[in-house]
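Inspection log for the structure reproduced underneath, given as structure tokens.
Number of protein chains: 2
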Amino acid sequence: MSQPEREQLPSRRIADALRQSIEARTFRPGDRLPSERELAATYQTARNTAREAIGLLQAEGLVDVQHGRGAFVRRQAPMIRLGADRYSNRVRRETGLSPFRAEAQRQGKTARVEVPEIGRTIPPRDVADRLGVADDEPSVVQRVNLYFADDEPVQLGTTYIPWTIAEGSVLATEAKTGTGSIYSRFEELGHQITRAREEITARMPRPAETVALAIPPGVPVIEVLHTGIDQDGRAFEVTRFVMRADLNGLDYNLPVED
Amino acid sequence: MSQPEREQLPSRRIADALRQSIEARTFRPGDRLPSERELAATYQTARNTAREAIGLLQAEGLVDVQHGRGAFVRRQAPMIRLGADRYSNRVRRETGLSPFRAEAQRQGKTARVEVPEIGRTIPPRDVADRLGVADDEPSVVQRVNLYFADDEPVQLGTTYIPWTIAEGSVLATEAKTGTGSIYSRFEELGHQITRAREEITARMPRPAETVALAIPPGVPVIEVLHTGIDQDGRAFEVTRFVMRADLNGLDYNLPVED
DNA sequence: TAGTGGTCTAGACCACCAT
DNA sequence: TGGTGGTCTAGACCACTAT
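So the sequence lines, in the order shown, correspond to chains U and X. In terms of this note's numbering, the first sequence opens at residue 814 and continues consecutively. In terms of this note's numbering, the second sequence opens at residue 814 and continues consecutively.
The following block contains the structure:
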């Protein structure tokens, strides 16, 4: 219909044919596509040409290629839905769970968090701007978090806390922040989260992220720059989340001012 | 540092070397990389191997390849920042501008909107769910919008309105909805936007989107499923936005419930 | 062991761009 | 016109998966 009927290029013709078969559910999620050698024979091309066609579908995120096994129509995994209410102080008090754990539990997934790195550092520019701290000296504590759902790495979160706030507390040194997540510790230090600003973009993952989150080809990441704002309107914490876009979604419910 | 020092594969070695040069700003945004034939000679490989290396960088969104000209380090264009307050009724009344136009104007860009398609149709499942209408009969009016900033296509928006609301109004037939955007028309029909739900995901663009938005390789799209909710808590409109992720970002400012 | 994808070679011809 | 990318060929050898 909307596809151009006259696709001259062999690689595109093969890709289009496969894509249509996938859309028509002739090949269903989980099904194996014909092998590169089979496609080459079918379409009377060199193997490289058939391979190029599969590469196009892979870049679109439609198929999943496995060495030695074949190319499979990608199944869409259920998403982790991150609601804006995940920072709710009430939910945290009642359940004692961090935002990520609360969402995972609600969706029947097991949650695990690793904290591979904690230390005082110089913050990136955008973070320094939002915290109102210097970007040319070690003005923050950086905490790296790796989030797992059902033992699969799904998010990377780097939290920046002004040194003036974190100094002397467990925030500056300990991986485990205790009951009720890191926000309970902030509360004890006099900062209750009252507002959050979340700036959202998407992009292709960097090589390091591809490794850390085991991101397959053709899958972008969502980057969320989250700023926690306390009862005095002061930014007390910034976290940069990098999430596999095929496993995570955001869900905001916003009041619209009159 | 974090990059593996021993990269056996020629194509990866070339890609890594180029990536490092880009990160080190030896090649700056807008600069041309060595040609495929030059790289092949330098690294003593076949041209296809050098080409493969450039393809990797292209898939990462790092470079922009132009036929007949060369491969260039991608410049990051300034983003359109879509704030949650873009639906504000006050802003609309005062400026008479639609959400997109209001944001574009605020950022000094020219805005243009095309409406290539309006008609009564059967809604997709997710839309029907959110509107509470049937998904097996033409229960909605569909309006397709193409948004341009500085004459570049940046967003695609498909709005679905229950037929029971749109019937008989300009919403069902006219491309131009008049002063104050489509929300002024909803207001006249008794639906003032009071809350909005926005569900966000990201993915690689589909072929049709790649064409419509002129999306270069290595650039994902952000998909926002927006639901407008009126003073009675009723969903009166759903819009699916598909935005080039390199040109658009979202910016939410959320109250956190105690 | 047979079948699959991963990578590479050394060409070829075409289309686009700049001069 | 010469240089650039776009695509393709017809092989080759390797690494991984399954039986």
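Just so it is clear, CB atoms sit at the ideal spot from N, CA and C, and this is done for glycine as well.
Shown here, Pro-847/U sits in coil according to DSSP, grouped into three states, outside any helix or strand.
Shown here for Asn-1061/X: same chain residues with a beta carbon closer than 7 Å to its own, the five before and five after excluded, namely Met-892, Ile-893, Leu-895, Val-967, Gln-968, Ile-1035 in chain order. Around the beta carbon of Arg-882/X, fewer than 16 other beta carbons sit within 10 angstroms, so the residue counts as exposed. For Glu-1011/X, the chain U residues whose C-beta falls within less than 9 Å of its own C-beta are Leu-1063, Asp-1064, Tyr-1065, Asn-1066, Leu-1067, listed in chain order. Rounded to whole angstroms, the gap between the alpha carbons of Val-1032/U and Pro-1033/X is 8 Å. Inside the segment 868-931 of chain U, DSSP marks whole alpha helix (DSSP H) runs of 4 or more residues at positions 902-908, 912-919, from first to last along the chain.
Residues of the same chain with a CB within less than 7 Å of the CB of Arg-1008/U, apart from the 5 flanking positions on each side, are Ile-1042 in chain order. Ala-1015/U reaches chain X at Ala-1015, Pro-1033, Ile-1035, Ala-1058, counting residues in chain order whose Cβ is nearer than 7 Å. The three-state reading of DSSP puts Leu-822/U in coil, since its state is none of H, G, I, E or B. Glu-927/X and Arg-838/X have their C-alpha atoms spaced approximately 39 Å apart.
From the listed residues Phe-1049/X, Ser-848/X, Val-946/X, Leu-1026/X, the smallest Cα separation to Phe-885/X is found for Ser-848/X. When Arg-845/U, Thr-990/U, Gly-945/U, Leu-984/U are compared, the shortest CA-CA separation from His-880/U is found for Arg-845/U. Here Gln-955/U is buried: its Cβ has 16 or more other Cβ atoms, across all protein chains shown, within 10 Å. At a C-beta separation below 7 Å, Thr-1007/U has these neighbours in chain X: Val-1069. The beta-carbon distance between Gly-874/X and Met-1017/U, rounded to whole angstroms, is 5 Å. This is short enough to meet the 8 Å contact definition. Proximity to Ala-979/X across Val-1069/X, Ala-962/X, Arg-998/X, Asp-942/X peaks at Arg-998/X, based on C-alpha coordinates. For Ala-1025/X, there are no neighbours in chain U by C-beta distance under 8 Å, as the nearest C-beta there is about 10 Å away. The DSSP assignment places 938-944, 976-979, 994-1001 as complete runs of the alpha helix (DSSP H) inside the segment 923-1011 of chain X, in order along the chain (cut-off: 4 residues).
Cβ contact annotation for Gly-991/U (same chain, cutoff 6 Å, sequence separation greater than five): none. Ile-835/U carries a helical assignment under DSSP once its states are collapsed to helix, strand and coil. Identification of chain X residues near Gly-874/U by a Cβ-Cβ cut-off of 8 Å yields Arg-1016, Met-1017, ordered along the chain.
Rounded to whole angstroms, the gap between the alpha carbons of Ala-853/U and Gln-871/U is 17 Å.
Put simply, the CB of Ala-897/X is near chain U, with a gap under 8 Å to one of its CB atoms.
Look at Ser-901/X: its C-beta is under 8 Å from a C-beta on chain U. Here Gly-909/U has Thr-992, Gly-993 as same chain residues with Cβ atoms under 7 Å from its own Cβ, once five neighbours each way along the sequence are excluded. Sequence-distant Cβ neighbours of Val-1037/U in its own chain, meaning closer than 6 Å and more than five residues away, are Glu-1011, Ile-1013, Phe-1054. Counted as a single uninterrupted DSSP element, the beta strand (DSSP E) harbouring Glu-1036/U occupies residues 1034-1043. The beta carbon of Arg-850/U sits closer than 7 Å to the beta carbons of Arg-860 from its chain, once the five residues preceding and following it are set aside; these are given in chain order. DSSP places Glu-1050/X within a strand segment (E or B) once states are collapsed to three. Per DSSP, the continuous beta strand (DSSP E) segment holding Pro-1068/U begins and ends at 1061-1068. Taking all protein chains in view, the Cβ of Glu-907/U is surrounded by fewer than 16 other Cβ atoms within 10 Å, so the residue is classified as exposed. At the C-beta level, Arg-943/U and Thr-1040/U come within 8 Å of one another. Under the three-state reduction of DSSP, Ala-830/U is assigned to helix. DSSP places Ala-859/X outside both helix and strand once states are collapsed to three, so it counts as coil.
Per the coordinates, the alpha-carbon of Gln-1044/U lies some 28 Å from the alpha-carbon of Arg-919/U.
Contact between Ile-827/U and Ala-866/U holds, since their C-beta atoms are separated by about 4 Å, short of 8 Å.
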